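**Q** In mature numbering (1 follows the signal peptide of the UniProt record, and there is no 0), the protein residues as written are -39 to -1, 1 to 738.
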């Protein structure tokens, strides 16, 4: 193991072995994930360059056991061993090694995870928010003393002393080359953990503090440390794997853009995504890799550096991923015996409690996922809604009517254990329930008015400095709402119903949330306005245990996750119930019709015209797009052109929707009048691109033309979508004669499918262009 100050001098035989091993590993990475190198100037032929491999993990969360998706700590250690056997290898983490852990690790306060990482030879780790999950005292009295590696954070300060509270950097020497690692923490820390545990800590701006330390590490003074290569380990990340999420106006994008050019690479964390970007930096000859390796030890991140041994200058740097298991779930590397023993001992200690059966499920109950399988905290999920249902049941006797659950509080799913010979299919153990609620919180009930509840739901659209742009709350079956995903901030929620009855702004509802969310955490500050607060003393974990032990869950005593949506996006129908004529066609867009947490289905959307819940027209059917939209709740989209029956009577009516096979039923109220107000002019939207193949360094030039059927000039909003994800908004004014030309930037390499939607107005109807395929290379 290479440690600070140690120098490795491999002989020729070792170097040949190293090249063979790394060539084989590189082949795996190229085939699996397109691992690519960033080349630089040639080195002198007199002395070969020094090659250094930096292996990375993030958000390991105590997943020490193999479970079919995570390879487990022993296989992770086996992969690290193979690199170390070849020489010049460092193994680092960007934080959240512990916390929100599986029961096997959490049962012993995550000591097994720390022991496993010690045995693997973790060189250094950034602090993550979950390292502070149990407060500063637990970190300093238990976690740090148990770790054989330093925990870093340059931007977390002690309020009393005004000095950094933890180590800020560490320098490792590898074959004569010094590699400096700087740690940094998300500034959202106070909203992510119990604030009572970190009252003595202050989180300062990551960019300013990282740049301060980076300046010290290359100022020529050995008194404050010097490094030939500097790497940032930051517990903050992009909301999705797309390059746009690392280059937009988010807090993480600012870190990427403004971190000092002397930092050669950024290893990120916190958002549980998988990406490897090479981004240009002013003042650097080489692009800077920005990498995150998903979560739970499912992948190993890899930075490969070559350094000139004479000048100590960085010649090249590349980034990519190493899968730890194959498509069949089999490990790619042999398990390390020492780590295997650590995991086995932890399992033996936890099993007497964890293996106890507490209930049964019909099918797996899962969190939301992005297209690549990574976490999507912006998506509605059966697990989030199920937990809300459980918590409502636990507090209904105390008067609770609505339950809300934050996605960040959800741990593991409830699995059917298909293919696991050690488990009975559908059995739920204490370990499984503890996995859903790795950090128990008590349940708190409070009074909220309808207006206050609306503000809570509006806060799902997070502030710009948050790690996720959208943070989807799980809701109980008693609550349903529609929203406009493209509305201005604070105006997204269209309509809310409680048990099918519209929620009034001044009506008081009894709402239950866990104590963490009740504190206004995750930027849900509107919950602080709740009155008549009562802490029930019952934890969310105990509520689920009671749920499974309760009578009459179903006729056979097993639970099933909800599949119907409890929030649906609606764009194009006026929220103030503008009047419509009999025979008039209404064009609008539905979204959030499908969860991303289970088997992929392509149902159809059925619509009826009705009144007071009574169907008054034959069914109309509309196509359904089930393409996963990362980072949001927009998966499941349908463009609806519904014609009001010619014999419709004046008054309040509704368009009633059913998403077949999923149990999603909802209605959109409309007002029919005899005169009906203005009939909207039909429009046609066409779009074209200047080139169908464009470099990722250039903008895709898009021309949009909207024509009105009566020859007048239309005006309204234009929205450009890439496979359903909004990438650009432009205003179409009457002065533009129906034509807009715009550039689309930030598209990742690959095939993109663009379309343009014209929103319409009080005069012009909405319309959408045909899709255009563009290749970005």
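For each residue, glycine too, the CB sits at the ideal point set by N, CA and C. A quick note: this is a predicted structure, and the numbers were derived from the prediction, not measured.
Look at residue 346 and residue 337 and say whether their C-beta atoms are less than 7 Å apart.
**A** In this structure, residue 337 does not lie closer than 7 Å to residue 346 by Cβ.
**Q** For my contact list, residue 151 and residue 140 are in at a C-beta cut-off of 8 Å; report their separation, rounded to the angstrom.
**A** Contact flag wrong, Cβ pair sits at about 32 Å.
**Q** Taking the C-alpha atoms as reference points, what is the distance between residue 178 and residue 59?
**A** If I take the Cα positions, the gap works out to 29 Å.
**Q** Counting only runs that start and end within the stretch 51 to 128, where is the alpha helix (DSSP H) found for 4 or more residues in a row?
**A** Here the runs fully enclosed are 64 to 67 and 72 to 81.
**Q** Taking the alpha helix (DSSP H) that residue 152 belongs to, which residues open and close that run?
**A** From DSSP, the alpha helix (DSSP H) with residue 152 extends over 150 to 153.
**Q** Is the beta carbon of residue 592 sitting closer than 7 Å to the one on residue 335?
**A** Going by C-beta atoms, residue 592 is not nearer than 7 Å to residue 335.
**Q** Using the Cβ count rule (16 or more neighbours within 10 Å means buried), how would you classify residue 731?
**A** Classification for residue 731: exposed.
**Q** Of all the options 27, 63 and 34, which has the alpha carbon lying nearest to the alpha carbon of residue 755?
**A** With the chain represented from -39 up to 738, any question about residue 755 goes unanswered, as that position is not in the structure.
**Q** Beta-carbon within less than 8 Å of residue 159's beta-carbon, same chain only, minus the 5 sequence neighbours each way: which residues are those?
**A** For residue 159, where only same-chain residues beyond five positions count, the Cβ hits under 8 Å are 93, 96, 97, 150 and 151.
**Q** Who does residue 546 pair with in a DSSP beta bridge?
**A** According to DSSP, which records beta bridges pairwise, residue 546 is partnered with 604.
**Q** Please state if the CB of residue 301 and the CB of residue 35 are separated by a distance shorter than 7 Å.
**A** In this structure, residue 301 lies closer than 7 Å to residue 35 by Cβ.
**Q** Go through the stretch 293 to 369 residue by residue and report every complete run of the alpha helix (DSSP H) that reaches 4 residues or more, in order.
**A** Runs of the alpha helix (DSSP H) inside the stretch 293 to 369: 298 to 315 and 343 to 356.
**Q** Alpha carbon to alpha carbon, how far is residue 375 from residue 394? Give it in angstroms, no decimals.
**A** Roughly 8 Å between the two C-alpha positions.
**Q** Taking 8 Å as the threshold, find out whether the stretch 223 to 232 comes into contact with the stretch 305 to 313 through three or more Cβ pairs.
**A** Flag = no, the stretch 223 to 232 and the stretch 305 to 313 do not touch.
**Q** Check for me: the alpha helix (DSSP H) holding residue 555 runs from which residue to which?
**A** Segment: none, residue 555 is in no alpha helix (DSSP H) and carries neither H nor E.
**Q** Evaluate residue 202 with the Cβ neighbour count: other Cβ atoms within 10 Å of its Cβ, from every protein chain shown; 16 or more gives buried, anything less gives exposed.
**A** It counts as buried.
**Q** Ignoring anything shorter than 4 residues, give me the alpha helix (DSSP H) runs that lie fully in the stretch 401 to 464, in order along the chain.
**A** You should have 411 to 419.
**Q** So, helix, strand or coil for residue 516, using DSSP?
**A** Note on residue 516: pLDDT 46, under 50, position unreliable in the model; the coordinate value appears next. Here residue 516 sits in coil by DSSP.
**Q** Say the cut is 6 Å; is the CB of residue 197 nearer than that to a heavy atom of the ligand GDP?
**A** What this structure holds is no ligand at all, so the ligand GDP is not there to describe.
**Q** Measuring alpha carbon to alpha carbon, tell me which residue in 700, 242, 684 and 676 is nearest residue 664.
**A** Selected option, being the one with the closest Cα: 700.
**Q** Look at the alpha carbon of residue 419 and the alpha carbon of residue 349, and state the distance between them as a whole number of angstroms.
**A** Going by the C-alpha atoms only, they are around 18 Å apart.
**Q** Do you know whose CA, among 726, 402, 415 and 648, lies nearest residue 733's CA?
**A** Cα-wise, what sits closest to residue 733 is 648.
**Q** Does the Cβ of residue 68 have 16 or more other Cβ atoms within 10 Å, making it buried, or fewer, making it exposed?
**A** Under this definition residue 68 is a buried residue.
**Q** Identify the residues that DSSP records as bridge partners of residue 9: which are they?
**A** BP columns for residue 9 are empty, so no partner.
**Q** Could you say if the stretch 284 to 301 and the stretch 12 to 24 meet the contact criterion of at least three C-beta pairs nearer than 8 Å?
**A** Not touching, per the Cβ criterion.
**Q** Relative to the alpha-carbon of residue 237, which residue among 262, 220, 396 and 258 has its alpha-carbon at the smallest distance?
**A** Residue 262 is the option with its Cα nearest to residue 237.
**Q** Quick check on the DSSP output: the alpha helix (DSSP H) that includes residue 478 runs from which residue to which?
**A** Taken as a continuous stretch (DSSP letters only), the alpha helix (DSSP H) holding residue 478 covers 476 to 479.
**Q** Identify every residue that forms a DSSP beta bridge with residue 732.
**A** Residue 732 is not bridged to any residue.
**Q** Whose CA, out of 268, 379 and 360, lies closest to the CA of residue 290?
**A** Checking every option, the nearest Cα to that of residue 290 belongs to 379.
**Q** Let me know the secondary structure DSSP gives residue 630 once reduced to three states.
**A** Residue 630 falls in the strand class under three-state DSSP.
**Q** Would you kindly report the start and end of the unbroken alpha helix (DSSP H) that includes residue 392?
**A** Run containing residue 392: 391 to 397, per the alpha helix (DSSP H) assignment.
**Q** In this structure, does DSSP put residue 503 in helix, strand or coil?
**A** It is helical.
**Q** Near residue 244, what residues of its chain come up, given a Cβ to Cβ distance below 6 Å and the 5 sequence neighbours on each side ignored?
**A** Same-chain partners within the cutoff: 222.
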